[in-house]
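*Asks:*
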Amino acid sequence: MNKTIKYIFQFVLLILIQVFVLNNINLFGYLNPYVYILFLISYQFNNNLSETIFLGFLLGISLDLISQSAGAHTIACLTIGFLRPYFAMFSLRLKLSELPKNLVSKETRLLNKIGFLFLMVFIHHFILFFIIFLDLKSIFLILKNTFLTSLFSLIVIWPILTLLETKND
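Each residue of the sequence shown is one higher than the last, beginning at 81 in our numbering.
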């Protein structure tokens, strides 16, 4: 399958799953897994930061428009779209030009993959909840929601990520 078609299909499918299935799951009344960021996690590295930021914007604004939220998903996706190469460089201990084209591959070491995944999910969730609550008095609530929702999201994302693993070309 053409990579562009594959990414478009993945983009649309993750948004639909998030909106129609996962947004209706509330574990303990408030934990909701955010799996749509898997698109930014699994998207190829091609040294084009503006493309990744634009896709992060599209992902966030699509989710905000469909779920009628106030832009928190857009801000969180834009931020991790921008920080994504730096998280990958930190996790893999490589320069930007040395990053593999696809970080979600069988060749990437498990600890590197876990570090990258944790950084992406945790920072996304922290920004998301900070924007939602928008109050420093609620910092403990923000941190609690960030930690627990990140853990729940990671538990849901990990099996999907292992299914998406590919060989590096």
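Cβ coordinates follow ideal geometry from the N, Cα and C atoms, glycine included.
Assuming contact is defined by CB atoms lying nearer than 8 Å, are residue 73 and residue 236 in contact in what I supplied?
*Replies:* Look at the range of the chain in this structure, 81 to 249, and you will see that residue 73 is not part of it.
*Asks:* Does the Cβ of residue 109 have 16 or more other Cβ atoms within 10 Å, making it buried, or fewer, making it exposed?
*Replies:* Walking along the sequence shown from the start, residue 109 turns up at place 29. By the neighbour-count rule (16 or more Cβ atoms within 10 Å), residue 109 is not buried but exposed.
*Asks:* If you draw a straight line from the C-alpha of residue 141 to the C-alpha of residue 175, how long is it?
*Replies:* For the purposes of this step, residue 141 is taken as residue 61 along the sequence shown, with counting starting at 1. For the purposes of this step, residue 175 is taken as residue 95 along the sequence shown, with counting starting at 1. When rounded, the distance between both Cα atoms is 31 Å.
*Asks:* Is it buried or exposed for residue 143, if we count other Cβ within 10 angstroms and need 16 for buried?
*Replies:* Mapped onto the sequence shown, residue 143 falls at position 63. Buried, since its Cβ has 16 or more Cβ neighbours within 10 Å.
*Asks:* Can you check whether the CB of residue 87 is closer than 8 Å to the CB of residue 114?
*Replies:* For the purposes of this step, residue 114 is taken as residue 34 along the sequence shown, with counting starting at 1. For the purposes of this step, residue 87 is taken as residue 7 along the sequence shown, with counting starting at 1. No; because the gap between Cβ atoms is not below 8 Å, this pair is not in contact.
*Asks:* Is there a C-beta anywhere in chain B that falls below 8 Å from the one on residue 102?
*Replies:* No chain B is present in this structure, which holds just one protein chain.
*Asks:* On the three-state DSSP scale, how would you describe residue 149?
*Replies:* Against the sequence shown, residue 149 aligns to sequence position 69. Coil.
*Asks:* Where does residue 174 fall in DSSP's three states?
*Replies:* Taking the sequence shown and counting its residues from 1, one reaches residue 174 at position 94. Three-state result, residue 174: coil.
*Asks:* Between the C-alpha atoms of residue 133 and residue 107, what's the straight-line distance to the nearest angstrom?
*Replies:* Locating residue 133 in the sequence shown gives position 53, where the first residue counts as 1. Locating residue 107 in the sequence shown gives position 27, where the first residue counts as 1. Straight-line Cα distance between these residues: approximately 31 Å.
*Asks:* If you measure between the beta carbons of residue 91 and residue 119, is that distance less than 8 Å?
*Replies:* Looking up residue 91 in the sequence shown gives position 11. Looking up residue 119 in the sequence shown gives position 39. Yes. Within cutoff.
*Asks:* Please classify residue 208: does DSSP put it in a helix, a strand, or coil?
*Replies:* Counted from its first residue, the sequence shown places residue 208 at position 128. Reduced to three states, the DSSP call for residue 208 is helix.
*Asks:* Let's test the definition: count the other Cβ atoms within 10 Å of the Cβ of residue 168 and tell me whether it reaches 16, buried, or not, exposed.
*Replies:* In the sequence shown, the residue the question calls residue 168 occupies position 88. Classification of residue 168: buried, given that the 10 Å Cβ count is 16 or more.
*Asks:* Could you tell me if residue 128 is buried or exposed, where buried requires 16 or more neighbouring beta carbons within 10 angstroms of its beta carbon?
*Replies:* Position 48 of the sequence shown, counted from the first residue, corresponds to residue 128. Its Cβ having fewer than 16 others within 10 Å, residue 128 is exposed.
*Asks:* Alpha carbon to alpha carbon, how far is residue 172 from residue 146?
*Replies:* Residue numbering aside, residue 172 sits at position 92 when the sequence shown is read from its first letter. Residue numbering aside, residue 146 sits at position 66 when the sequence shown is read from its first letter. Using only the alpha carbons, I get a separation of about 35 Å.
*Asks:* Output yes or no for whether 8 Å exceeds the beta carbon distance between residue 196 and residue 226.
*Replies:* For the purposes of this step, residue 196 is taken as the residue at position 116 of the sequence shown. For the purposes of this step, residue 226 is taken as the residue at position 146 of the sequence shown. Not closer than 8 Å, so no.
*Asks:* With burial defined as no fewer than 16 other Cβ atoms inside 10 Å of the residue's Cβ, what is the status of residue 249: buried or exposed?
*Replies:* Translated into positions along the sequence shown, residue 249 becomes position 169. Residue confidence is low: residue 249 scores 45 on pLDDT, short of 50, so the model does not pin down where it sits. Its coordinate-derived value is still stated next. Looking at its Cβ environment, which holds fewer than 16 other Cβ atoms inside 10 Å, residue 249 is exposed.
*Asks:* Quick check: residue 229 and residue 94, are their CB atoms within less than 8 Å of each other?
*Replies:* Position 149 of the sequence shown holds residue 229. Position 14 of the sequence shown holds residue 94. Not a contact, by the Cβ cut-off of 8 Å.
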